[in-house]
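Student:
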Amino acid sequence: MSRTLRSLWRLHRLAVIGAGVVLLFVLTGVAAPWIVPHDPNQVNVRAALRRPGGEHLLGTDSIGRDLLSRVIFGARVSLYISASAVGFGMAVGVTLGMLAAYYQRLDAPVMRFMDMLLAFPGIIVALTIISVLGRGVENLIVAIAIVQVPQFARLAYGLTLGVKSRTFVEAAVATGASDWLILGRHILPNCLAPIVVQVSLLIPGAITTAASLSFLGLGVPPPTAEWGAMLQNSLQWSRLAPHVMVIPGLALMLVVFGFNVFGDGLRDALDPRLRQVRATAPSGARPAAAGSPAGT
Amino acid sequence: MAIYAARRMLASVPILLLAVTAVFFAFQVIPGDPAQLFVGPDASQETVEAVRRELGLDRPVYVRYLEYLRRLLRGNLGLSITTRLPVTVELGSRFINTIKLAVSSIVLATVIGVLLGTVAAVKQGTMVDHVATVVALMGISIPVFWLGLLMMYLFSVQLRLLPSAGNDTWRHYFMPALSLATFSLAFIARMTRSSLLEVIRQDYVRTARAKGVPELFVVARHALRNALLPVVIIVGLRFGYMLGGAVVTEEVFAWPGMGRLLVTAVGQRDIPLIQGALLVFAASFVVVNMVVDLLYGYLDPQIRYQ
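The listed protein sequences correspond, in order, to chains U and D.
The numbering used here numbers the first residue of the first sequence as 28 and each following residue consecutively.
The numbering used here numbers the first residue of the second sequence as 18 and each following residue consecutively.
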C-alpha cells in the first residue's frame with residue numbers, strides 16, 4: 028500500500044497536493060461549527076483590526092470578529108454554495124444533454140438554447156439571474172447552477188451521441204428495453220468518468236463566481252462569513268490592517284488551486300483521451316475550461 | 018471561403034435572436050411592477066397607470082415582444098430608468114472603454130503567455146519549465162479581484178506609483194489590464210506549452226534540425242507556426258469573454274466600462290439598461306466567435322469549407 032502511495036506521489040505530485048487541499052477544504056467546511064475557536068459573528072469593537080497572533084490567531088476584522096473563525100466558516104459557505112450549484116447544474120445539464128442526444132426532435136431546441144447561454148460569460152448569466160430573482164444564498168445557488176448547465180449539457184450530449192450507436196445499446200433496444208432504462212442503465216454509466224472530471228474542473232469556477240458576486244455585493248448578504256464579502260469589507264481598512272485583505276483571498280486562492288490541480292490529475296487518470304482532445308481541439312470541440320473561468 | 022463566411026454569419030443570427038428573446042422574457046417574470054419602478058414609489062396611482070399605457074405595459078406580452086424586436090431593429094434600446102437617457106447613449110462610451118481594456122489585456126496575455134509557454138516547452142523538464150508551470154497554475158487559480166486588490170495595495174497605497182481608479186492616462190491601464198490578463202495569460206501559456214510539445218516531436222521539426230537550421234528558427238518558424246493554431250482559438254475566446262466578463266476588474270479599479278455599468282444597473286434594477294448591456298455582450302461574443310472561426314480556417318489550410 029505504501030509503495031502504491033509513494034509511486035502515486037512521485038508521478039502526480041501536484042495532483043496529490045491538490046487532493047490534500049480539497050480534502051482539507053471539505054473537512055473544514057463540514058466540521059466548521061465544531062472547530063472554530065470563536066463565534067464567527069461575535070462583534071467586539073474593542074478588539075478591532077488586531078494583527079495575527081495571540082488570542083486571535085489570524086487577527087480580527089474591522090468590528091473585532093475573529094478572522095480564523097470567519098475563514099473557516101467561509102469554507103463552509105463556499106463548499107455549500109459550490110457543491111449545491113454544481114450538483115444542480117450537473118443534474119439538469121446531464122439530463123438535458125442526454126435527452127437532446129437521444130431524442131432527435133429535442134436536439135435543436137435544447138442545444139441551441141445551451142449555445143445561447145454559452146454566448147454570455149458565466150458571471151454575466153449569474154448577474155442577470157440575480158437581477159431577476161433578487162439577492163440571497165438560494166438565488167446565488169440557482170444562478171451559479173444555471174451557469175453550469177450548458178457545460179454539462181454539451182459534455183453529456185457529445186458522450187451520449189458516442190455511446191448511443193454502440194452495439195450494447197442496439198442490443199438493449201432490440202430486447203425491448205424502455206428508453207429510460209437504456210438512458211439510465213446503459214448510456215449514463217458509460218458517460219460517468221468525464222462527467223466526474225467535469226465536476227472537479229467546474230467547482231473552482233463556481234467558487235470564484237460565488238465569491239466574485241458576493242464581493243460585488245450581489246451574492247451572500249452580510250453578516251455571513253463569505254470570503255468574497257469579507258474581501259469587500261476589508262477594502263477600506265487595507266491601509267491600517269492589510270492582513271484582513273490578504274487572509275480570505277489566500278484561502279480562496281488555495282482552494283481554487285487545489286481543485287485545479289486535483290481536477291487535472293483526475294482527468295489524466297480517468298480520461299486520458301480528453302486531454303488529447305483538449306490540447307488539439309479544432310473549432311468544433313472547444314476546450315471546456317476556456318468557458319468556465321469565472322469572475323474575470 | 019466567401020460562401021463559408023456568409024454561411025457562418027447567417028448561422029449566428031438564430032443565436033442572437035434566441036439571446037434577444039431570452040433577455041426579453043427573463044425580465045417579464047421579474048417580481049414587482051415595472052411601471053411603478055419607472056416612476057418611483059411616491060407616484061400616484063393615475064401616474065402609474067399613465068406610464069403603464071405609455072410604456073405599452075397594458076398590452077399582451079407577445080405584442081410587446083414584437084414591438085421590442087421592431088425597436089431593436091431600429092437601434093432603439095429604450096430609456097434607462099435611472100438617468101432617463103437612451104440606453105444606447107449610456108452604453109456607447111462605456112463599451113469603448115471596455116474594448117480599450119480588453120484589447121490591452123489580450124495583447125498582454127498573448128505576448129507574455131506565448132513567450133512563457135514557449136520557454137517552458139523548449140526547456141521541458143528543467144527548473145525553468147517547473148517555475149513557468151507553477152506560475153501558470155497560480156495565474157489560473159488567483160481570484161481576479163483579489164489580485165487587483167493586492168496590486169492596488171502594493172502599487173497605489175504603499176509605493177504610490179500607479180493611480181488606483183479611473184482611466185484618464187496610460188498609467189491607469191497597468192493594473193486593470195494585468196488583472197484582467199492574468200487568467201488568460203496563464204491559460205495561453207499552458208496551451209502553448211502542451212501544443213508546442215506535441216509539434217516539436219514531429220518529423221518535419223526533426224528534419225529542420227537535421228539540415229542545420231538554428232534552434233531559434235526551428236522553434237519560431239517551424240514549430241510555433243503549427244503549435245499556435247489551437248492558441249488562436251483560446252485567444253479569440255478569451256477576448257470575447259473579456260469584452261463581457263470584465264465585471265469584477267472594472268468594479269475593483271472603478272473603470273467606467275460595461276461591466277461596471279451592468280453591476281450598477283443590476284443594483285438599481287434598471288431593466289432596460291441591463292437588457293441593453295446583455296445584448297451588447299451577446300452580440301460582441303457572437304461576432305468575436307465568428308471571426309475566430311474564420312481566422313482559424315484561414316490559418317489552417319487543412320480545414321476545407323464544405
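Here a beta-carbon is modelled for each residue, glycine too, at the ideal position from N, C-alpha and C.
Counting only Cβ pairs nearer than 9 Å, list the residues of chain D close to L245/U.
Tutor: V280, V283 and G284
Student: Anyone know if the C-beta pair for P289/D and L94/D falls short of 8 Å?
Tutor: yes
Student: V191/U and A128/U look like a contact to me (Cβ under 8 Å); what is the Cβ gap, rounded to whole Å?
Tutor: For the sequence presented, residue 191/U should be read as Lys rather than Val. Rounded, the Cβ-Cβ distance is 6 Å, consistent with contact.
Student: Tell me the residue span of the alpha helix (DSSP H) that contains W61/U.
Tutor: R40 to I62
Student: Where does G257/D sit, in a helix, a strand or coil, going by DSSP?
Tutor: helix
Student: Give a yes or no on whether the minimum CB-CB distance between F326/D and chain U is below 8 Å.
Tutor: Since the first residue of chain D shown is 18 and the last is 323, residue 326/D is not available in this structure.
Student: Using DSSP bridges, identify the partner residues of H65/U.
Tutor: DSSP lists no partner for H65/U.
Student: Determine which residues of the region 301-318 of chain D have a Cβ less than 7 Å from any Cβ of chain U, and write them out in chain order.
Tutor: F302, V303, D310 and Y313
Student: Using three-state DSSP, classify L80/U as helix, strand or coil.
Tutor: For the record, residue 80/U in the displayed sequence is Gly; it is not Leu. G80/U: strand per DSSP, three-state reduction.
Student: Quick check: is the beta carbon of F298/D nearer than 8 Å to any beta carbon in chain U?
Tutor: yes
Student: If contacts are defined as beta-carbon pairs under 8 Å, then L240/U and A153/U qualify, I think. What distance do you get, rounded to the angstrom?
Tutor: 6 Å
Student: Where does D93/U fall in DSSP's three states?
Tutor: strand
Student: Provide the residue(s) that pair with T87/U in DSSP beta bridges, ordered along the chain.
Tutor: D93/U
Student: Measure the CB-CB distance between S227/U and L293/U and report whether it falls below 8 Å.
Tutor: For S227/U and L293/U, yes; Cβs fall inside 8 Å.
Student: Which bits of chain U does P31/D rub up against, with CB to CB less than 7 Å?
Tutor: Simply R139.
Student: Quick check on the DSSP output: the alpha helix (DSSP H) that includes H270/U runs from which residue to which?
Tutor: Unbroken alpha helix (DSSP H) run through H270/U: H270 to L297.
Student: To test your reading of the DSSP string, which unbroken alpha helix (DSSP H) runs of 4 or more residues are found completely within the region 274-302 of chain D?
Tutor: 275-285
Student: Are M117/U and Q69/U touching if we call contact CB-CB under 8 Å?
Tutor: no
Student: Could you name the residues of chain D that R266/U contacts, counting a contact when the two beta carbons are closer than 7 Å?
Tutor: The contacting residues are V174.
Student: Looking at L246/D: is its Cβ nearer than 8 Å to the Cβ of D310/D?
Tutor: no
Student: With DSSP collapsed to three states, give me the class of G77/D.
Tutor: Going by the sequence as given, residue 77/D is Pro instead of Gly. Residue state, collapsed to three classes: coil.
Student: Mind checking if D295/U is an interface residue toward chain D, Cβ cutoff 8 Å exclusive?
Tutor: no
Student: Within 10 Å of its beta-carbon, does M26/D have 16 or more other beta-carbons around it, so buried, or fewer, so exposed?
Tutor: exposed
Student: Under 7 Å Cβ to Cβ from I274/U, same chain only, skipping five residues before and after it: list those, please.
Tutor: L85, L94 and V98
Student: Against A166/U, what residues of chain D qualify as contacts under a CB-to-CB distance less than 8 Å, listed in chain order?
Tutor: Here residue 166/U turns out to be Asn, not Ala, going by the sequence shown. Near N166/U there are no residues of chain D at all, since even the closest Cβ is about 12 Å away, more than 8 Å.
Student: Taking only beta-carbon atoms, is S239/U less than 8 Å away from chain D?
Tutor: yes
Student: Would you kindly work out how many angstroms separate the C-alpha atoms of E71/D and L90/D, rounded to a whole number?
Tutor: 20 Å
Student: Please report the distance separating the alpha-carbon of T127/D from that of T135/D.
Tutor: Roughly 12 Å separates the two Cα atoms.
Student: Give the residues of chain D in contact with S192/U, contact being defined as C-beta atoms less than 9 Å apart.
Tutor: Those within 9 Å of S192/U in chain D number zero; the least Cβ separation is about 22 Å.
Student: Looking at the strands, I want to know which residues DSSP matches up with L96/D.
Tutor: P103/D
Student: Out of curiosity, what's the CA-to-CA distance linking R30/U and P221/U?
Tutor: Spanning the two alpha carbons is a distance of roughly 28 Å.
Student: By how many angstroms is the C-alpha of A282/D removed from the C-alpha of P180/D?
Tutor: So the two alpha carbons sit approximately 26 Å from each other.
Student: At 4 residues or longer, what runs of the alpha helix (DSSP H) sit wholly inside the region 215-248 of chain D?
Tutor: The qualifying runs are 220-227.
Student: Pick out whichever of D142/U, A42/U, L51/U and L160/U has its Cα sitting closest to the Cα of F44/D.
Tutor: A check of alpha carbon separations from F44/D across D142/U, A42/U, L51/U and L160/U identifies L160/U as the nearest.
Student: Can you find the residues in the same chain that come closer than 8 Å, C-beta to C-beta, to A75/U, ignoring five residues on each side of it along the sequence?
Tutor: T87, D88, S89, I90 and G91
Student: Quick one: which residues of the region 139-156 of chain U get their C-beta closer than 7 Å to a C-beta of chain D? List them in chain order.
Tutor: Answer set for the region 139-156 of chain U: R139, F140, D142, M143, A146, F147, P148, I150, I151, L154 and T155.
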